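The structure appears below as structure tokens.
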Amino acid sequence: MNPELNFDDETGVLMFGKKSTRLSPKEAALFSLLLHKQQSDSILPRNELAQSVWGERWEVISNNNIQQLILQLRRKIDAVGGPVIIENIYKRGYKMTIHAQGAGNTIRRNLITRFVSLILNFI
């Protein structure tokens with residue numbers, strides 16, 4: 000039986016199996032947005048991400064700020080072994096996929112997806 004991925008949006012705790020981590024308020028807001036979009040199989044546009052996570056300051060947020068937040072969230076997901084991939088959809092935004100398989104295969108896929116995304120960003 001595979002462990003279940005759990006997220007408490009009130010405390011910001013992300014748990015997979017017996018491992019857990021506390022997300023920062025911005026990471027938790029981003030994870031909630033991605034989770035909502037994932038349920039409707041849609042993409043989270045960068046401007047919607049910035050508006051929702053940074054509020055009134057969203058217009059002064061750079062792509063680098065967004066990329067750093069995505070990286071921090073990916074690292075925390077990887078730390079608990081969660082079966083989650085956050086994809087960068089070129090020129091559109093981000094999409095989260097939750098896999099039902101074991102976490103080990105998902106992490107390998109996640110690394111491959113990031114590598115391919117990096118290559119595509121340079122093409």
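Here numbering that gives the first Met the number 0 is used: the first residue of the sequence shown is 0, the next is one more, and so on. For glycine and all other residues, C-beta sits at the position ideal for the given N, C-alpha and C. Predicted, not measured: the structure shown is a model, and the values here were computed from it.
Close Cβ partners of residue i (< 6 Å) along its chain, the five nearest in sequence each way excluded
i, result
"Gly11", "Arg21, Leu22 and Ala27"
"Phe15", "Pro2, Leu4, Val79, Gly80 and Gly81"
8 Å CB neighbourhood of residue i in its chain, flanking five on each side removed
i, result
"Gly92", "Ile42, Leu43, Pro44, Arg45, Glu47 and Leu48"
Selected residue, minimal CA-CA separation from residue i, among the options
i, options, result
"Leu33", "Asn63, Ile84 and Gly80", "Ile84"
"Ile88", "Asn5, Ile69 and Gln38", "Ile69"
For residue i, three-class secondary structure by DSSP
i, result
"Lys90", "coil"
"Gly101", "Its pLDDT being 48, under 50, Gly101 is placed unreliably by the model, and the measurement read from it follows with that caveat. Coil at Gly101, not helix or strand."
"Lys17", "coil"
"Ile76", "helix"
"Ile60", "coil"
"Pro82", "coil"
Beta-carbon contacts of residue i that lie in its chain and below 7 Å, excluding the five residues immediately before and after
i, result
"Ile97", "Leu4, Gln37, Pro82 and Val83"
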